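So the sequence shown is numbered by this note's numbering: it starts at 1485 and just counts up by one. Note that CB positions come from ideal geometry on N, CA and C, so glycine has one too. Quick caveat, the model's predicted, so the values are computed rather than measured.
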Amino acid sequence: MLNSAATEPFISLNIWTSIFTLCNLLIVFLIMKKFLFKPVKKMIDDRQKEIDDQYADAEQSKADAAELKARYEARLSEANAEKEAILKDAYRKAQLRDEEMLRQAQEQAAATLRRADEQIALEKKRAMNDIKDEVSVMAVDIASAVLARDIKKSEHAELIDSFIENLGESHD
1485 MLNSAATEPF ISLNIWTSIF TLCNLLIVFL IMKKFLFKPV KKMIDDRQKE IDDQYADAEQ
1545 SKADAAELKA RYEARLSEAN AEKEAILKDA YRKAQLRDEE MLRQAQEQAA ATLRRADEQI
1605 ALEKKRAMND IKDEVSVMAV DIASAVLARD IKKSEHAELI DSFIENLGES HD
């Protein structure tokens, strides 16, 4: 026959042991919830907040960088426009200065030519007056020579020819 111990079930269920185990499990769960889950959850939440803050800071830094870049590009374009304006103004001033210098040079050249023409005219007038004086002196000399001697018609012609030759030599 079979032994009664051999017929005992391999697994037995004791209700009081099950209740005690369940109570122990509930107590361990509550202790773990209080001392482990809450701090771990708090740590995870803090870490998540820190990560979210880092992302927000990164996004803010990115936005600030984009704004600075836009300002820099605006300033750069303003500087380029100002540079172009300065260059155009300098070129215009240089052209005006060149034109003024050219005008002054032309005025000076015209004044120099005018003075030269006036001086030439004055010298010409002096030369003509000198020639007139010489001619009148020679005419007086010829007339006095003619009066001083009695000349024939042929001598008179020679005297005039000689006078004309002397006149040409005195101007060379």
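Quick one: give me the first and last residue of the alpha helix (DSSP H) that residue i is part of.
{"i": "F1513", "result": "1499–1516"}
Report the option in the options whose CA atom is closest to the CA atom of residue i.
{"i": "W1621", "options": "E1602, F1647, L1586", "result": "Per the sequence shown, residue 1621 should be read as Val rather than Trp. The candidate whose alpha carbon is nearest that of V1621 is F1647."}
Throw me the rounded Cβ distance for the residue i and residue j pair, which I believe falls under 8 Å.
{"i": "L1643", "j": "I1626", "result": "6 Å"}
Count the other CB atoms, across all protein chains shown, that sit within 10 Å of the CB of residue i; report buried if there are 16 or more and exposed otherwise.
{"i": "I1499", "result": "exposed"}
Just checking: is the beta-carbon of residue i within a distance shorter than 8 Å of some beta-carbon in chain D?
{"i": "F1513", "result": "No chain D appears in the structure shown, which is made up of a single protein chain."}
Ranges of the alpha helix (DSSP H) found wholly within the region 1529–1591, counting only runs of at least 4: Listed in chain order, there is nothing to give.
Those runs of the alpha helix (DSSP H) which lie wholly inside the region 1587–1620 and span at least 4 residues: Runs found: none.
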